[in-house]
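Here's the structure we're looking at; comments come further down.
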Amino acid sequence: MRRLLIPWLIIFAISACSLPGQATVTPSVPTDAGGAERVQISFGVWEYELAVYQPLAEQFNEDNPDIEVVVVPIDEIFETQGDGSNETTTSALRRLVAMVDTSTTMAVAPEAYGSPLLLDLRPLIEADASLAEDDFLAGALDRVTVNGGVWSLPRYFYVNLLSYNRALLATGDTAVRAERWSDVLTLAEQSVVGMGSSISVYGWVDTSNGYFPLVALLEREQLNPFAENPDTVDISGPEYAAVLDRLQQLYRDGVIHNAYGSPMGADGMSQEPIDPSTLVRDQRAALWGDLYFGDEQGNQIELPFERGSLAYPNSPMTEGYSGLSEGYIISGGTAYPNQSWRWIEWLSRQITDAPGTFQPGNLPFGRVPSRESLAELLGYWEQIGEGNAALFREVIARGTPPMMRQPDWMLASALQEASGAVINDPNTTAKDALQRAQASYRTNREQMMLTPTLAPDLRPVIVATPEPQVAPEGGTEVTFAAYGFSTSSLRPLVRRFREQYPEIFVKLVNPEFSGEVKLATLAGAADCFFWSDPIEDPADLAAVLDLQPLIDADATFPVDDYPPALISAFRRDGRTIALPASFSVRTLNYNRTKFAALGLDAPRADWGPDEFLEAAKAATAGDGEKKIFGYVPYAGIAQDLVFWTGQFGGRLTVGTGQDLRPNYTDPAVERAIRWYLDLAQVHQVMPPISLPYKTSDPYDDRSYEYVQSGRAGLWFDYGYSFTGSADNGFQVDEPFEVGIGPLPVGGGGLRAGELQARGMFIGAKARAPEACWDWFTFLSTDTTLLYGALPARRSVAESDAFLAASPPTTRELYEIYRDALSQPVAQGESNYALYSPQMDTYWLFKAIVAARDGADLTRVLAEAQQLTTAFAECVVGGATPAVCAPQVDPEYQGFNQPSPDGPQPVG
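Just so we're aligned, residue 6 is where the sequence shown starts under the working numbering, counting upward by one.
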């Protein structure tokens, strides 16, 4: 169930405290240094905003030769420091203003107002003769003013809106007004047409999970729990129960419709869900909350009627749900307040939408520019129309200052819990819902009171000199794509690398791509980068550099520290295309308790299909609902087919890239599939095969249940994903211990695809391959970017530092694969080859199900080969899967067919 977001919680926590004084600023706003030394100021932005602000900074620097603005990413300082015990409401802000002179901001903890952390902008505004204060919307500066000081320069205000269908809102000829939430509810009650199951027009499509309508009813009864003592407030009393009963009845009658749940009929029972946007488009809703209206491609569409808007009413019970703004702040520790002011004042008049995304007439509706000049540049008022423009101006003109105390989010959450319970579950009574909500509130508050709160650190700061953002003079710059990684995790590594290699500057880039991202795409965007095996497309292979010359030239490189399996995983036609960084390998898990009781050996890497089958037979016992299966396809039948086909010496697919085609008629493939079918049908060591391939097929896979409840002897997994106890949520007759073993690769050997290795690549057109190589050798000893994977280097995997930071089972996982990793691996096929863009598993799965039911396997595989090949050639020819599937097979019933929601995923 979607819940109403509490926006302030994702920015800064807020608390009340006294406002200490601030040092005096003597403003002067020069326009030209007249040949004086250039001043450098830093500007903090989120990583994703770099592409927006870097060109603006370059433009400003060119126009202002006395100032150099350095754009600095700030993501890493907002990560929790240590265990979080020393975090306060201002700790992140303190790190920010000690790092940069100026920054973007969405909100500020109130205790920072008037403190040495922030610079009061009021003296700078008054000293700037070129600034026309009337360029700001009426009330705009009041909304960022506290105790006479202006603490940020606003750029946009966010006005939360309710919308309405003018033709359906029953107001007669009077203007639509809603000063309170109870006024909104009155409008809904006046506009509803019908009742219960016969409803034709809902009064209000609510997107708050019942919270805003609850506030409306509380206003009517003059109840405000937020005004009571939080230590004694009780929302479980009869007066609140009566309000909640009325709320449930409003949803039951159709006055209000829950946008993200099932409507209640007059009988109190839930009905089929109704898409809220469809209700609005079909003119069956008079009022609605925050909804998006788009076509099948996600493009915004116009509504077929005249739409009006209402701003969220002011209420002490909905503080924090509206009124956010974004703008710019100046650190109280800056040495250059005047230069910083010139930068942010200029910036507040510029378009800051992402490159290529700004389109006049397609702006976020409730995002209101704070300056008339910016609104004119954007064409904002023309887009939204006179009525909405007047509404937004009225809301901004109220000049509501920032909140100076923290709303009781715990109480708001408890009330929302109660409202959500009664509107989503017709069997929940108001009394029960409120008692649970009250108990939850009391528990959370008691826990909060037990947690010590550190006093905010409001001591003065000094802004640090910004880190270099370009290579030193005479140095070397290389770009490294942070694709798949957090740049805030990479920046500390770049910093450490720069200490060891000051002549090399690693510039992190975070490229954005549309459509499928391939290795060759990334190689064109950066000098070096991470990518995961398998790589088979000739275009991808041609896009990367052979690293063998670099390896040979580096006498200090410890090639023997890498297992041969990982080195061979990145060998292609005599070339070493990547330096292994990490790997994640599946395991053959087993019920260690049962195996020990039966005297069975743990799984070994040299098991082939025959040895695997014998172990599965030995572990099978019982029947019916008590049966223990020797093997359960926990990882899914599709991955099983790829693995076992490889162990029989075959491949389900051949070719790469656009040339990838099915290989179902290979005798090795047929032997593997026949053997796999026999596991269930002949030997009965595996549950009956359920392989849905038609849209109408039921999905009845109980593999997860069998494994979790102890009814499996063997299964594939990734290490220890669970423990054999009732904590898994399933009935466990006898607790059991889970063991792990290597994959049984005695038949066809370990394949590269099973290693899921991640490598470090250098683009074929890299400007400085040697610098990338130095960066790679530095990264090869790092353990912070593994995210659960194993390090490629033996010395790192066996180091005390890595083992101390890893789960206790990590050493066991590495040990069980030590022997298998000591041998080179064959390339094999990807575990996901069946789900390539030009593949559809429909005909393969259909053939397997038919063979399961008695059809000749050779014949049905030949049919699957023919139709899947035709489908692949059709897709490669340019047609969509939804067109190709029924074209090659008029009886096609799979997932690749047109639907109101667009084509479904292949397979």
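Glycine included, every Cβ here is placed at the ideal spot set by N, Cα and C.
{"Check": "Cβ-Cβ distance between D611 and G751 below 7 Å", "Outcome": "yes"}
{"Check": "Helix, strand or coil at S701 according to DSSP, with G and I counted as helix", "Outcome": "coil"}
{"Check": "Counted within 10 angstroms of its Cβ, other Cβ atoms place M691 as buried (16 or more) or exposed", "Outcome": "buried"}
{"Check": "Under 7 Å between C-beta atoms of A487 and A797", "Outcome": "no"}
{"Check": "Closer than 6 Å: E868 CB and nearest the ligand SAM heavy atom", "Outcome": "This structure does not include the ligand SAM; it has no bound ligands of any sort."}
{"Check": "Beta bridge counterpart(s) of M3 as assigned by DSSP", "Outcome": "Any property of residue 3 remains undetermined from this structure, which presents the chain solely from 6 to 912."}
{"Check": "C-alpha gap between L308 and V881, whole angstroms", "Outcome": "38 Å"}
{"Check": "Inter-residue spacing [alpha-carbon to alpha-carbon] between A544 and A525", "Outcome": "7 Å"}
{"Check": "Contacting residues, own chain, Cβ-Cβ under 8 Å from W386 (five flanking each side not counted)", "Outcome": "A380, A394"}
{"Check": "C-alpha gap between D702 and I678, whole angstroms", "Outcome": "21 Å"}
{"Check": "Chain-order list of residues whose beta-carbon lies under 8 Å from that of V687 (same chain, five-residue window excluded)", "Outcome": "none"}
{"Check": "Exposure of E504, with buried meaning 16 or more beta-carbon neighbours within 10 Å", "Outcome": "exposed"}
{"Check": "Local Cβ density within 10 Å of P471, reported as buried at 16 or more and exposed below that", "Outcome": "buried"}
{"Check": "Burial state of Q892 (16 or more Cβ within 10 Å)", "Outcome": "exposed"}
{"Check": "I467 versus Y118 - alpha carbon distance", "Outcome": "17 Å"}
{"Check": "Pairwise C-alpha distance: F588 and F510", "Outcome": "28 Å"}
{"Check": "Whether W186 touches V164 by CB criterion (7 Å)", "Outcome": "no"}
{"Check": "Contact check, A402 vs A143, beta carbons under 7 Å", "Outcome": "yes"}
{"Check": "Start-to-end residues for the beta strand (DSSP E) that takes in W386", "Outcome": "W386 -> not in any beta strand (DSSP E); alpha helix (DSSP H) instead, spanning 385 to 402."}
{"Check": "Extent of the continuous alpha helix (DSSP H) to which E820 belongs", "Outcome": "814 to 821"}
{"Check": "Straight-line gap, Q474 to G325 (C-alpha atoms, nearest Å)", "Outcome": "37 Å"}
{"Check": "Proximity below 7 Å, CB of P374 to CB of Y58", "Outcome": "no"}
{"Check": "Stretch pair the segment 759 to 779 + the segment 853 to 864: three plus CB contacts closer than 8 Å", "Outcome": "no"}
{"Check": "Between the CA atoms of V801 and F807 - distance to the nearest angstrom", "Outcome": "7 Å"}
{"Check": "Three or more C-beta pairs below 8 Å linking the segment 760 to 769 and the segment 542 to 561", "Outcome": "yes"}
{"Check": "Reference G754; option with closest CA among A435, E311, F648", "Outcome": "F648"}
{"Check": "Short CB-CB distance (under 7 Å) between S157 and chain D", "Outcome": "The chain labelled as chain D is not found in the depicted structure, where only one protein chain is given."}
{"Check": "Residues near S33 by beta carbon distance below 8 Å, same chain, minus five either side", "Outcome": "Bear in mind that a pLDDT of 48 at S33, under 50, signals an unreliable position, so the number given afterwards is only what the model happens to contain. Within the same chain, S33 has close Cβ partners A132, N343."}
{"Check": "Distance between beta carbons of V50 and I82, contact taken as under 8 Å", "Outcome": "Rounded, the Cβ-Cβ distance is 12 Å, inconsistent with contact."}
{"Check": "F721 (DSSP reduced to helix, strand or coil)", "Outcome": "strand"}
{"Check": "Where the beta strand (DSSP E) containing A290 begins and where it ends", "Outcome": "290 to 293"}
{"Check": "Cβ distance (whole Å) where L122 is taken to contact T95 below 8 Å", "Outcome": "7 Å"}
{"Check": "Through-space distance from S108 to E52, alpha-carbon basis", "Outcome": "13 Å"}
{"Check": "Which residues DSSP lists as bridging T150, in chain order", "Outcome": "V155"}
{"Check": "Neighbourhood of R464 by C-beta, 8 Å cutoff - its chain only, sequence neighbours within 5 removed", "Outcome": "P121"}
{"Check": "Local Cβ density within 10 Å of I349, reported as buried at 16 or more and exposed below that", "Outcome": "buried"}
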